[in-house]
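Residue 1 is where the sequence shown starts when you use the UniProt record's numbering, and the numbers rise one by one after that.
Quick reminder that beta carbons are idealized off the backbone N, C-alpha and C, glycines included.
The block underneath contains the structure these notes are about, expressed in structure tokens.
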Amino acid sequence: MISIRDVNKYYGAFHVLKDIDLDVKRGEVVVVLGPSGSGKSTLCRTINRLEPINSGTISIEGQVLPEESGPLSELRSEVGMVFQQFNLFAHMTVLENVMFAPVQVRRQKRELARARALELLERVGVGAQKDKRPAQLSGGQQQRVAIARALAMDPKVMLFDEPTSSLDPEMIKEVLDVIVELTKAGMTMVVVTHEMGFAQTAADRIIFMAAGEIVEESTPQEFFSDCKTERAREFLSKVL
Ligand code: ADP
Ligand code: MG
């Protein structure tokens, strides 16, 4: 589903992604772990081509992502992304937030987009909030709306970049539960998280990044019981 080959990226002289190779199979859940500053967000943003790369290729379902240009927005819409900050449109209702891209980007009929949005809001457990503005919702509810909004574009892949990091502890589970439900529904996902319980139970594969490199790649069982590198051991000693 996603194929990343020999990707390098620089911010000026700073080498932020180093020879990244990664394949994500259809339906697979890849959890990306690593210390702050290791390049996890940059990797997500390059997969979504919010950030250009300096070399290498990224393809989604065999289609190589083009450089910034026309067909890009179409491809990007096949990759749903959920950020730490919910980034909902503050002046729109919850329902309008979820309908926006299907209507504006996909040119869906409003009635169709509305029916689908309502279905998705129910699925993530915030159907009753449909007419409220984002600011009237809890952080956990806002993040679930953000997930519904991403799903409304029928993405082939969902990227989550620390989706629970800005939530109060009691709201983390309600968002993780929605993500777990998506894994069970067979969604292909890349999830950057510091929630180690989630990583252990939901991941098919763990990618450990440090200083712009993929340092380890293994099953959660292997990674959490017997990781291979000193850098991963040191990381785990701090987060577990
Ligand atoms: P992570 O998500 O793992 O914490 P990031 O991908 O956000 O890491 O950042 C990786 C490194 O790149 C960090 O050292 C960060 O300071 C740097 N960086 C991130 N975004 C930019 C940017 N737009 N310009 C310059 N440096 C950046
Ligand atoms: Mg980050």
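- Shortest Cα-Cα distance from Pro134 to any of Glu119, Leu95, Arg114 and Leu120 involves Leu95.
- Asn97 and Glu170 have their C-alpha atoms spaced approximately 25 Å apart.
- DSSP places Arg110 in the uninterrupted alpha helix (DSSP H) bounded by Arg110 to Arg123.
- For Thr219, the closest of Phe208, Leu121 and Ser36 by C-alpha to C-alpha distance is Phe208.
- Two segments are said to touch when three or more pairs of C-beta atoms, one from each, lie closer than 8 Å; by this definition the stretch 194 to 202 touches the stretch 160 to 174.
- In this structure, the C-beta of Phe235 stays at least 8 Å away from each heavy atom of the ligand ADP.
- Bridge pairing for Leu22: Ile4 [DSSP].
- Secondary structure note for Ser59: it is in no alpha helix (DSSP H), and the uninterrupted beta strand (DSSP E) holding it is Ser55 to Ile60.
- Per the coordinates, the alpha-carbon of Glu217 lies some 18 Å from the alpha-carbon of Ser36.
- In the structure shown, Lys40 adopts helical secondary structure according to DSSP, grouped into three states.
- The three-state secondary structure of Lys238, taken from DSSP, is helix.
- Taking the Cβ of Pro52 as the reference point, every heavy atom of the ligand ADP lies at 8 Å or farther away.
- Relative to the non-hydrogen atoms of the ligand MG, the Cβ of Ser36 comes within a distance shorter than 8 Å of at least one.
- Phe14 counts as exposed, since fewer than 16 other C-beta atoms from the protein chains shown sit within 10 angstroms of its C-beta.
- Shown here, Thr183 sits in a helix according to DSSP, grouped into three states.
- Distances from the alpha-carbon of Ile58 to those of Gln143, Ala90 and Met1 put Met1 closest.
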